[in-house]
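Engineer:
In this note's numbering, the protein residues as written are 2 to 118.
#1: Determine whether the beta carbon atoms of residue 61 and residue 51 lie at a separation below 8 Å.
#2: Once DSSP output is grouped into helix, strand and coil, what is the label at residue 107?
#3: Suppose you measure from the CA of residue 57 to the CA of residue 111; what does that come to, to the nearest Å?
#4: Where does residue 87 land, buried or exposed, given buried means 16+ other C-beta within 10 angstroms?
#5: Could you tell me if residue 106 is buried or exposed, where buried requires 16 or more neighbouring beta carbons within 10 angstroms of its beta carbon?
#6: Give a yes or no on whether the C-beta atoms belonging to residue 47 and residue 71 are separated by under 8 Å.
#7: Tell me, to the nearest whole angstrom, how far the beta carbon of residue 83 is from that of residue 67; I am working on the premise that it is less than 8 Å.
#8: Taking all protein chains shown into account, decide if residue 64 is buried (16 or more other Cβ within 10 angstroms of its Cβ) or exposed.
#9: Cα separation between residue 96 and residue 115?
In structure tokens, the structure reads:
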């Protein structure tokens with residue numbers, strides 16, 4: 002296969018993506034029409050959907066989820082922070098400031114039961 006053949010798209014069927022050429026004289030045709038309002042809700046992600054249930058206590062409320070997602074950007078970071086909080090007072094304090102004392106204990110217990118150090 003030559004370099005130029007590699008640049009050409011291979012179309013095998015009717016469902017394959019085919020780029021559409023849009024004349025530059027009609028800019029409104031290039032972008033689909035959107036509503037004028039923006040959504041106030043954050044997009045759904047597995048991380049934000051699972052985060053409330055990463056505790057042995059009652060599920061975290063929205064404010065606690067926001068606080069926890071501010072200090073940890075992924076479930077892996079939440080897990081590492083919770084496991085460190087068992088031994089490190091600073092990590093425990095960071096979790097307490099994000100979610101409160103009771104929720105912090107629930108998160109630490111949840112991940113501590115799953116992962117032994």
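Beta carbons: idealized from backbone N, C-alpha and C, even for Gly.
Owing to the predicted nature of the structure, the values given are computational and were not obtained by experimental measurement.
Structural biologist: If we stick to the structure as given:
#1: no
#2: helix
#3: 5 Å
#4: exposed
#5: buried
#6: no
#7: Going by Cβ atoms, the distance from residue 83 to residue 67 rounds to 17 Å, so no, they are not a contact pair.
#8: exposed
#9: 18 Å
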